[in-house]
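Trainee:
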Amino acid sequence: MSPRAAWTTAALTLLLAGPAAAHDPTAARGAWAPDPLVAFNLAALAAVYALGLRRLWARDGGAKVVTPRRAGAFAAGLAVLVAALLTPLAAIAEELNWVHMVQHMLLMNVAAPLVVLGAPLRVTLWALPVGARRAWGGALGRLDGWRPGGYLLGQALLMWALYGLVLWVWHVPRFYEAALRAPRLHDLQHLSFFVVSCLFWRVLLDPVRRLALSRALSVVYLFATSLHATLLGVFMALSPAAWYPIYEPRVRAWGLTALEDQQVAGLIMWMPACMIYAAIAAVLFGLWLHEEGEREVEPCRAT
Amino acid sequence: MSVGTAAPPAQAGFERTWQGHPGLRGWLMEVNNQPLGKRFMVTAIIFFLLGGVLALLMRLQLAVSDNDLLGPQVFNQLFTMHGSTMMYLFAVPFLEGLALYLLPLQLGSRDVAFPRLTAFSYWTYLFGGVLFYASFLVGVVPDAGWFAYTPLSGPRYAGLGVDFWLLGLSLVEVAGITAGVEILVTILKLRAPGMTLGRMPLFVWTMLVTGGMIIFAFTVLLTATILLELDRAAGMAFFDPERGGNSLLWQHLFWFFGHPEVYIAFLPATGIVSAVVAAFARRPVVAHVLVVVAIVMTGFLSFGLWVHHMFATGLPELAMHFFGAASLMIAVASGIQVFAWIATLWGARPDYRTPFLYLLGFFLIFVVGGMTGVMVAVVPFDLQVHDTYFVVAHFHYVLIGGVVFPVFAGLAFWLPKVTGRLLDERAGAASFWLSFVGFNLTFFPMHIMGFLGMPRRVYTYPATLGLDAHNLVATAGAFMIALGTAVFIGAFLHSLRRGRPAGEDPWQADTLEWSVSSPPPIFAFRRPPVARGRHPLWERGRPAAAVEAEHQRVTAALDAAPTTWRATLSTDPLTGAPQGVQWLPGPAMSPFLVALGLLIAAIGVVANLYILDLAGVVLAVGALARWLQPDEALLERLRQDPAPRAAGLPVFTTGAASTGWWGALCLVVILGTMFGALLYAYFYLSLFSDAWPQGGLERPGWGLAGPATGALLLAGAGLWGSRRAFHGGRRAAFVGLLGGSAAGAAAAAVLVLVELVRLPFGPGVNAYASAHFTLSGLAILALAMGTAVAAATTHRLERRLERRDAFDTLQLQVTTMLHGFALVAALATLVVLHTSPVLL
């Protein structure tokens, strides 16, 4: 993505923030009612990334460090974030559990890996003035050099556990309902989902500072994830009672009961979400095997 | 690629180090993969024949309508034992035995990673199978189906037979899990130099995935069988709805195992098919990378789909649509493999010899089974045919077509390697045609019988159903299959005496096992082979890469100066670069004794003789301690041995370079899966309860759990610190920290135990109490393991601290993994048990 396109995205995002003043939760159904704070943050993210990208690409070989495809992935990730958080989807997610589930899946399993592919830390670093850039770079370096810091950031197992913890804990009824009642807590929920997912996917996809996990192991990493995500989905889908009674009055308008709504949500986490893990695992694993096989020449049979 | 042929006199000692002991004692102490792999396969075939006899008896009962040859009770026993035998005692153990025999030969290793574990696996398998069939002697045969659904299999409705089933099965599961670990670590660690993961043969890929699947699936089944036995023997309430339990919990746990189980049997069979297809088509299997991805994805996806066996259990209606769609997905992965084989054979001119005939039989039958599988994945259709003979026809087409025919193809293909003699081709062809025609005569009419309404698992049917002719044909077909099997076995026995010598490579195949003599020497390779590509034997003429010279130097050095102990090359799990000379144990009695202890304990449970349980556990733990005790004299001998140094490789390695680290990791995964399965049961039960804890029981307090949590955290800190003290060589700090960590774990275990004892209710009050007690009990067991390991390590490493080497570092790493896991698992259990009643 060119810097111009990035700026356009940012401007569009800001435009979308316009109608936010008219946000009225009772009349939300299908309406455009983006949260101004979220819109501002996304726009700022887009702007900083675009600025960093422009500076980086102005240097010799900058486009090799972060290729246009990677920048495109970031833009796509940002677009998914916008779709998940600022479109009517976000408003409907307040009323329907399963749409909320789709929104979370978009944040965690679509937007996060795409954004990670765009090397956000490396690029945004370039948006800073030289002094601040050095300071930040130095701070990152020190964090890496600080043994516990480097250790914690480098632990695939830790990232895996963190992702699982965030996923499970937010689904505890009292936390989930609290988030539905308080918009800022809801933002915190989405932010924690997104940030932790970025850390999670970074273990597999980070293009710049690839962590210790080999791509051959990506299958194991994602398999272990899909095992526990499946279980959470199973519980949601099979539960005889609705976990979040707060939805009960809201889902009626959509001709569902809260229980049916929850079953669909659980099934979405169970199958489509796990298909995403499986698909990414298959692609990473296949790419790795393919690179391994590049060196192989298929033989003719010796007679 | 070269394999040593002539032995200089200096190497005569080499062969002696690999010889087992003579006599019965030697037979019990055998640890080598080749004799044990053969025993596995022979035992599995014997169980296959027994299961076949049971099937013939059932077909006799069903040959005519309103038959009273056997009666309903015996019929129930027969179909239970037939299904259980074929699934648990034949399919998986046979394939594991084949893998244990074949993998070292295909990988270029001299033995598997943990030879004593192979022996243990074989003995537990044999004992479990014998216990299973001992029910016939006692006259209380299991009769609750191969799936043993509760409440039919619960204490109220089922007699002692189900106890035989559960305990025999538990032993067989332990055997399966340990063989899975063996397979996994052997593949990761003992490949020929140069054999990168990408260069592994497809059969090895299927076994790698299968090994991983076994670890998860069998562990969940083991947990489930233990829970059911707790219900039956200890009065717990996991599956008893009247006390807050849930019958469907059994189905979930069972099918979480049962669905992957189908692929655990099918994937190795596809590995056999790939090997035979490549050899007979005389070219590599097309789309190698895609096929490997399909194999891995089959394993991945098979764990999410267990509910598709439960369409008829009243799941939410919406779930059906998702599952119908997702069940079709797995057909894609199988489809990739089938199309790859077809493309490989396209335009090839195969010899229609016995292995290939069985292969063609597999294609035809399996594709029909796959088609009917797609049909039963359609939910409305499934509801219509679910309990009819249509489903019986479907899964026999899948299992016999997808597993038994490939197994016979594999037998015909590899038996010449095992025995050194070729099968008679005419007899082989006759056995194939008898089996193939007999199979279709037996099972094809069953599709129609299902449509016409013949229910499965019922001992007879009325003449008015109009299915007499169909059934008679099916019975005749079953006897034809038996005849075909008999001809095959006859041909095999004939070949042992009169068969033509097979030579090294009768099929001009591509993998390393065909480079050694038939039968192979007990050590497989005197000089470890080097892999140049995916098809070592077809690439002999290819120019060698630069890195290969280095590998050849290593193997030549090992060949020139063989060790006076059993050794094999240990290589990098990804790249296959040599990492060390791995010591392998010689004959040992301890695996047999541990297995015997488990058998005695199992008999004690069946017979309600708890003194036997005690004796069995003492024997097993004692023999295990002896097994694990490091032999200091041996270690010193290994340290002094100049041979590995000549090859430039260490004898002791640490971390992911060592086999011990991988073994410990597998154990951690197994224990973690057990905790996971129990936690699943705990939350599943809470999901269907109005209140949690059930029945107005008090929530567990933090009075003792709080101090226990503190002790666990301190123990964790001590473990963390002890590693630094070890590497810093500070003896007092090391002993204090690791010893203190062991003491902390012990203290936590005691506190949890006291808390359990002081609870005002017992484990049998309701399902909540059962789950609470069982989870706490597992945490106590884990802490006991952690304490024992940490204490033993403190004791040994204290003396070695000044002279510490890689072996000692590895011991500390393994201790850290096991003890650390115990601490984390116990901590998580305490937190879940004490917070979830508040949060839910």
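Here the protein sequences line up with chains B and G, keeping their order.
Under the numbering used here, think of the first position of the first sequence as 1, with each following residue one higher.
Under the numbering used here, think of the first position of the second sequence as 1001, with each following residue one higher.
Here a beta-carbon is modelled for each residue, glycine too, at the ideal position from N, C-alpha and C.
The structure displayed is predicted, hence computed values, not measured ones.
In the DSSP assignment, the alpha helix (DSSP H) including Trp1919/G goes from what residue to what residue?
Mentor: Within the shown structure, residues of chain G are numbered from 1001 to 1840, placing residue 1919/G beyond reach of any answer.
Trainee: Run the CB neighbour count on Ser1517/G, radius 10 Å, all protein chains shown included, and call it buried at 16 or more, exposed below.
Mentor: Here residue 1517/G corresponds to residue number 517 of the second sequence, with the count starting at 1. Flag for Ser1517/G reads exposed.
Trainee: Would you list the one or two residues that DSSP bridges to Thr1835/G?
Mentor: On the second sequence, position 835 is the one that residue 1835/G refers to. Paired residues: none, contrary to the question.
Trainee: Between Gly154/B and chain G, is any beta-carbon pair separated by less than 8 Å?
Mentor: What you label residue 154/B is simply residue 154 of the first sequence in a count that begins at 1. Chain G, which has no Cβ nearer than 8 Å to the Cβ of Gly154/B, makes this no.
Trainee: Beta-carbon of Tyr1682/G versus every beta-carbon of chain B: anything under 8 Å?
Mentor: Within the second sequence, numbered from 1, the residue matching residue 1682/G stands at position 682. So, not an interface residue.
Trainee: At which residues does the beta strand (DSSP E) containing Ala1567/G begin and terminate?
Mentor: If you number the second sequence from 1, residue 1567/G lands on position 567. First-last of the beta strand (DSSP E) with Ala1567/G: Ala1567 to Thr1571.
Trainee: Does the stretch 1551-1563 of chain G come close enough to the stretch 1517-1536 of chain G to have 3 or more Cβ pairs within less than 8 Å?
Mentor: Because the criterion of three Cβ pairs below 8 Å is met, the stretch 1551-1563 of chain G and the stretch 1517-1536 of chain G touch.
Trainee: Do the stretch 1113-1125 of chain G and the stretch 1177-1187 of chain G make contact, defined as three or more Cβ pairs closer than 8 Å?
Mentor: Yes, they touch.
Trainee: Could you check how far apart the C-beta atoms of Leu1305/G and His1259/G are, in whole angstroms? I think they sit under 8 Å.
Mentor: In the second sequence, residue 1305/G corresponds to position 305, counting from 1. In the second sequence, residue 1259/G corresponds to position 259, counting from 1. So it is a contact: roughly 6 Å between Cβ atoms.
Trainee: Mind checking if Pro240/B is an interface residue toward chain G, Cβ cutoff 8 Å exclusive?
Mentor: Locating residue 240/B in the first sequence gives position 240, counting from the first residue. True, the Cβ-Cβ gap to chain G drops below 8 Å.
Trainee: Report the residue from Pro1585/G, Phe1323/G, Ala1615/G and Asp1510/G whose alpha carbon sits nearest the alpha carbon of Leu1596/G.
Mentor: Position 596 of the second sequence holds residue 1596/G. Comparing Cα-Cα distances from Leu1596/G to each of Pro1585/G, Phe1323/G, Ala1615/G and Asp1510/G, the minimum goes to Ala1615/G.
Trainee: Using beta carbons (cut-off 8 Å, strictly below), is Gly255/B in contact with chain G?
Mentor: By 1-based counting over the first sequence, the position of residue 255/B is 255. With 8 Å as the cut-off, Gly255/B does not count as an interface residue toward chain G.
Trainee: Against chain G, with Cβ distances strictly below 8 Å, would Ser218/B count as a contact?
Mentor: Position 218 of the first sequence, counted from the first residue, corresponds to residue 218/B. No, no contact with chain G.
Trainee: Just checking Leu1107/G against the ligand PLP - is the residue's beta carbon closer than 7 Å to any of the ligand's heavy atoms?
Mentor: The ligand PLP is absent from the structure shown, which contains no ligand whatsoever.
Trainee: For chain B, find out if any of its Cβ atoms is closer than 8 Å to the Cβ of Thr1815/G; answer yes or no.
Mentor: The residue given as residue 1815/G occupies position 815 in the second sequence. Output row for Thr1815/G: interface = no.
Trainee: Rounded C-beta distance between Ser1084/G and Trp1123/G? I'm assuming under 8 Å.
Mentor: Here residue 1084/G refers to the residue found at position 84 of the second sequence. Here residue 1123/G refers to the residue found at position 123 of the second sequence. At roughly 20 Å, the Cβ-Cβ gap does not stay under 8 Å, so Ser1084/G and Trp1123/G are not in contact.
Trainee: Looking at Ala278/B: is its Cβ nearer than 8 Å to the Cβ of Met1297/G?
Mentor: Start at 1 with the first residue of the first sequence, and residue 278/B comes out as number 278. Start at 1 with the first residue of the second sequence, and residue 1297/G comes out as number 297. Yes, the pair counts as a contact, with Cβ atoms nearer than the cut-off.
Trainee: By Cβ distance, which residues of its chain are closer than 7 Å to Gly1235/G, with the 5 residues on each side in sequence left out?
Mentor: Looking up residue 1235/G in the second sequence gives position 235. Correct list, in chain order: Gly1764.
Trainee: From the DSSP output, which residues share a beta bridge with Arg1421/G?
Mentor: Reading the second sequence from its first residue, position 421 is the one you call residue 1421/G. Beta-bridge pairing links Arg1421/G to Pro1501/G.
Trainee: Leaving out five residues on either side along the sequence, give the residues of the same chain with a beta carbon under 8 Å from the beta carbon of Leu42/B.
Mentor: Taking the first sequence and counting its residues from 1, one reaches residue 42/B at position 42. Closer than 8 Å at the Cβ level, and outside the excluded window around Leu42/B, lie Thr13, Leu78, Leu81, Val82, Leu85 and Leu86.
Trainee: Can you look up Pro1644/G in the DSSP assignment and give me helix, strand or coil?
Mentor: Numbered from 1 along the second sequence, position 644 holds the residue referred to as residue 1644/G. It is helical.
Trainee: Indicate the three-state DSSP secondary structure (helix, strand or coil) for Pro1650/G in the structure shown.
Mentor: For the purposes of this step, residue 1650/G is taken as the residue at position 650 of the second sequence. In this structure, Pro1650/G counts as coil in the three-state DSSP scheme.
Trainee: Which whole-angstrom value is the C-beta distance of Ala1224/G and Leu1248/G, which I expect to be below 8 Å?
Mentor: Reading the second sequence from its first residue, position 224 is the one you call residue 1224/G. Reading the second sequence from its first residue, position 248 is the one you call residue 1248/G. Ala1224/G to Leu1248/G, Cβ: 12 Å. No contact.
Trainee: Could I get the ranges of all uninterrupted alpha helix (DSSP H) runs contained in the stretch 1652-1701 of chain G, with 4 residues as the minimum, in chain order?
Mentor: Runs found: 1659-1687.
Trainee: If you pair each beta-carbon of the stretch 257-269 of chain B with each one of the stretch 1705-1718 of chain G, do three or more pairs fall below 8 Å?
Mentor: Touching, no.
Trainee: Note down, in chain order, all residues in the stretch 172-189 of chain B with a beta-carbon under 8 Å from any beta-carbon belonging to chain G.
Mentor: Within the stretch 172-189 of chain B, the qualifying residues are Val172, Pro173 and Arg174.
Trainee: Strictly by DSSP, which residues pair up with Thr1388/G?
Mentor: Residue 1388/G sits at position 388 when you count from the first residue of the second sequence. Beta-bridge pairing links Thr1388/G to Pro1455/G.
Trainee: How many whole angstroms separate the CB atoms of Gly1020/G and Pro1587/G, which I take to be in contact at a CB cut-off of 8 Å?
Mentor: Walking along the second sequence from the start, residue 1020/G turns up at place 20. Walking along the second sequence from the start, residue 1587/G turns up at place 587. With 8 Å as the limit, Gly1020/G and Pro1587/G qualify as a contact, their Cβ atoms being about 5 Å apart.
Trainee: With a threshold of 8 Å between beta-carbons, can Ala265/B be considered close to chain D, or not?
Mentor: Looking for chain D here will not work: the only protein chains present are B and G.
Trainee: Can you name the start and end residues of the alpha helix (DSSP H) that Pro183/B belongs to?
Mentor: Here the question's residue 183/B lines up with position 183 in the first sequence. Here the alpha helix (DSSP H) through Pro183/B covers Pro183 to Leu205.
Trainee: Drop a sphere of 10 angstroms on the beta-carbon of Leu1105/G, count the other beta-carbons inside from all chains shown, and report buried for 16 or more, exposed for fewer.
Mentor: Against the second sequence, residue 1105/G aligns to sequence position 105. Buried: at least 16 other Cβ atoms inside 10 Å.
Trainee: Would you mind giving the Cβ-Cβ distance between Leu1070/G and Leu1057/G, rounded to the nearest angstrom? I have them listed as a contact below 8 Å.
Mentor: As a working mapping, residue 1070/G is identified with position 70 in the second sequence. As a working mapping, residue 1057/G is identified with position 57 in the second sequence. Yes, they are in contact, since the Cβ atoms of Leu1070/G and Leu1057/G sit about 7 Å apart, within 8 Å.
Trainee: Let me know the secondary structure DSSP gives Val99/B once reduced to three states.
Mentor: By 1-based counting over the first sequence, the position of residue 99/B is 99. It is helical.
Trainee: What number of angstroms, rounded off, separates the C-alpha of Gly1373/G from the C-alpha of Ala1275/G?
Mentor: Locating residue 1373/G in the second sequence gives position 373, where the first residue counts as 1. Locating residue 1275/G in the second sequence gives position 275, where the first residue counts as 1. Their Cα atoms are separated by approximately 25 Å.
Trainee: Any C-beta of chain B within less than 9 Å: which residues of the stretch 1172-1197 of chain G qualify?
Mentor: Here the close residues are Thr1196 and Leu1197.
Trainee: Can you check the stretch 1495-1553 of chain G for any alpha helix (DSSP H) of at least 4 residues that lies completely inside it and give the ranges in chain order?
Mentor: Qualifying alpha helix (DSSP H) stretches: none in this window.
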